[in-house]
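Novice:
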Amino acid sequence: MAKLNHTEKLILQFLKEDFSTKNLGANSLSDGYDGPSMELIQQGTGTDKVDLDIAIESLEKQRLIKTGPTRVVGDNNPTPAVIMIPFIVSDKEYAYLTKQGYTSAKEIEVTRPKSTYRPQNQTIIYGGKFTNSPIASGSSVNQQQQINTSNGSDETVQSLLNLIKDDGVTVTSKKEKEITELVQAAESGDSLKSKNIFQKAFDSVSDNVQKVGWQIVTKLIMQQLEQP
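In the working numbering, the protein residues as written are 327 to 554.
#1: Give me the residue from Q368, R397, N349 with the minimum Cα distance to I337.
#2: What's the C-alpha gap between F365 and A431?
#3: Among the residues of its own chain, which have a CB less than 7 Å from the CB of L390, if the five just before and after it don't count?
#4: Return yes when the Cβ of V495 is within less than 8 Å of the Cβ of V538, no when it is not.
#5: What's the C-alpha gap between F345 and I434?
#6: Please say whether I505 and A314 have beta carbons closer to each other than 8 Å?
#7: Would you decide whether V415 is buried or exposed? Buried here means 16 or more other CB atoms lie within 10 Å of its CB.
#8: Let me know the alpha helix (DSSP H) ranges lying completely inside the region 481-517, each 4 residues or longer, listed in chain order.
#9: Using the Cα positions of V497 and S485, report the straight-line distance between them to the nearest angstrom.
#10: Where does S530 sit, in a helix, a strand or coil, going by DSSP?
#11: Since T373 is in the alpha helix (DSSP H), which residue starts that stretch and which ends it?
#12: Taking the alpha helix (DSSP H) that T347 falls in, what are its first and last residues?
#13: Could you spell out the range, first to last residue, of the alpha helix (DSSP H) harbouring D357?
#14: Quick check on K392: does DSSP put it in helix, strand or coil?
#15: How should K545 be labelled, buried or exposed, when 16 other C-beta atoms within 10 angstroms of its C-beta is the threshold for buried?
#16: With a Cβ-Cβ cutoff of 8 Å, do V543 and A512 count as a contact?
#17: Just mark E343 as buried or exposed, buried being the case when its beta carbon has 16 or more other beta carbons within 10 Å.
#18: From A352, L330, I382, S499, pick the residue whose C-alpha is nearest to that of T362; which is it?
#19: Straight-line CA distance for S479 to Q510?
#20: Could you check the C-alpha separation between V387 and S354 for me, to the nearest Å?
#21: Please report the Cβ distance between D417 and P395, rounded to the nearest whole angstrom; I am assuming they are in contact, meaning their Cβ atoms lie under 8 Å.
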């Protein structure tokens with residue numbers, strides 16, 4: 327398998343989180359299932375359309391994901407004298423994991439340097455069915471943080487600040503402003519602005535805390551997109 331770039335890793339992690347929230351079995355990885363739309367994947371990973379399209383194509387070639395829905399082309403041949411072989415094409419409206427992709431997504435989570443692990447084993451994000459995988463800590467300490475994104479901006483801002491503080495980073499007034507702007511951008515559904523602010527606000531924390539923080543931001547963006 328070729329080395330995955332950052333965008334490809336984000337997509338695999340996003341699809342794995344989507345798969346987990348749907349409580350699907352391993353057979354779905356073989357038989358296929360309706361994954362998130364390309365729009366949701368783009369918003370959830372904070373990537374632009376060009377980078378997304380390139381990454382999706384690469385992941386498909388590596389058989390880590392599949393896209394759908396599919397349709398048969400060339401099955402209605404108006405000229406009997408000409409032999410046309412039907413083939414299947416994808417409309418690429420959504421993407422989903424294969425078995426190999428699911429395994430690769432799990433490996434992405436466990437190959438982070440152990441020196442960056444912190445004693446925060448699990449974060450549960452409410453405001454919809456959204457539970458991320460446990461975070462390895464390398465110690466016997468078990469901590470659980472519960473973050474309810476449906477209780478308003480103030481609680482979400484405080485939860486993100488606590489997440490940063492627990493990682494050993496001093497929370498300054500500048501940091502508070504960045505986190506407030508981050509939550510506001512996410513709640514407006516602006517993934518690109520959210521990503522830019524996130525990179526500044528979470529630049530000095532560990533990889534694992536960055537991952538959890540981005541999952542919270544992703545949930546806020548998805549809640550906005552799913553509103554009627």
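Where is the CB? At the ideal position from N, CA and C, for every residue including glycine.
Specialist: Quick answer:
#1: Indexing the sequence shown from 1 puts residue 337 at position 11. When each option's Cα is compared against that of I337, the closest is Q368.
#2: In the sequence shown, the residue the question calls residue 365 occupies position 39. In the sequence shown, the residue the question calls residue 431 occupies position 105. This sequence places Glu at residue 365; Phe is not what is there. In a straight line, the C-alpha of E365 is about 20 Å away from that of A431.
#3: To locate residue 390, count along the sequence shown from 1; it is residue 64. Excluding residues within five positions, the ones whose Cβ falls inside 7 Å are L338, T424, Q426, G427, S430.
#4: If you number the sequence shown from 1, residue 538 lands on position 212. If you number the sequence shown from 1, residue 495 lands on position 169. The answer is no: Cβ separation not under 8 Å.
#5: Taking the first residue of the sequence shown as 1, we reach residue 345 at position 19. Taking the first residue of the sequence shown as 1, we reach residue 434 at position 108. Approximately 16 Å between the Cα atoms of the pair.
#6: Since the first residue of the chain shown is 327 and the last is 554, residue 314 is not available in this structure.
#7: For the purposes of this step, residue 415 is taken as the residue at position 89 of the sequence shown. Per the 10 Å Cβ criterion, exposed.
#8: 499-513
#9: By one-based count along the sequence shown, residue 497 stands at place 171. By one-based count along the sequence shown, residue 485 stands at place 159. So the two alpha carbons sit approximately 12 Å from each other.
#10: Sequence index remark: in the sequence shown, residue 530 carries index 204 (1-based). Coil, per DSSP.
#11: Taking the sequence shown and counting its residues from 1, one reaches residue 373 at position 47. Looking at the DSSP string, T373 is not in any alpha helix (DSSP H), and its letter there is neither H nor E.
#12: Counted from its first residue, the sequence shown places residue 347 at position 21. Segment 332-347, the alpha helix (DSSP H) holding T347.
#13: For the purposes of this step, residue 357 is identified with residue 31 of the sequence shown, where counting begins at 1. 353-357 is the extent of the alpha helix (DSSP H) around D357.
#14: In the sequence shown, residue 392 corresponds to position 66, counting from 1. Note: K392 maps to strand in three-state DSSP.
#15: On the sequence shown, position 219 is the one that residue 545 refers to. The residue in question, K545, is buried, as its Cβ has 16 or more Cβ neighbours within 10 Å.
#16: Indexing the sequence shown from 1 puts residue 543 at position 217. Indexing the sequence shown from 1 puts residue 512 at position 186. Their beta carbons are under 8 Å apart, which means V543 touches A512 by this criterion.
#17: The residue you call residue 343 lines up with position 17 of the sequence shown. Burial call: buried.
#18: What you label residue 362 is simply residue 36 of the sequence shown in a count that begins at 1. It is worth fixing the name first, because residue 362 is Pro in this sequence and not Thr. When each option's Cα is compared against that of P362, the closest is I382.
#19: Here residue 479 is taken as the residue at index 153 of the sequence shown, counted from 1. Here residue 510 is taken as the residue at index 184 of the sequence shown, counted from 1. Taking the straight line from one Cα to the other gives about 8 Å.
#20: On the sequence shown, residue 387 is found 61 positions in, with the first residue counted as 1. On the sequence shown, residue 354 is found 28 positions in, with the first residue counted as 1. The displayed chain sequence assigns Lys, not Val, to residue 387. The alpha-carbon atoms of K387 and S354 are separated by roughly 20 Å.
#21: Locating residue 417 in the sequence shown gives position 91, counting from the first residue. Locating residue 395 in the sequence shown gives position 69, counting from the first residue. D417 to P395, Cβ: 6 Å. Contact.
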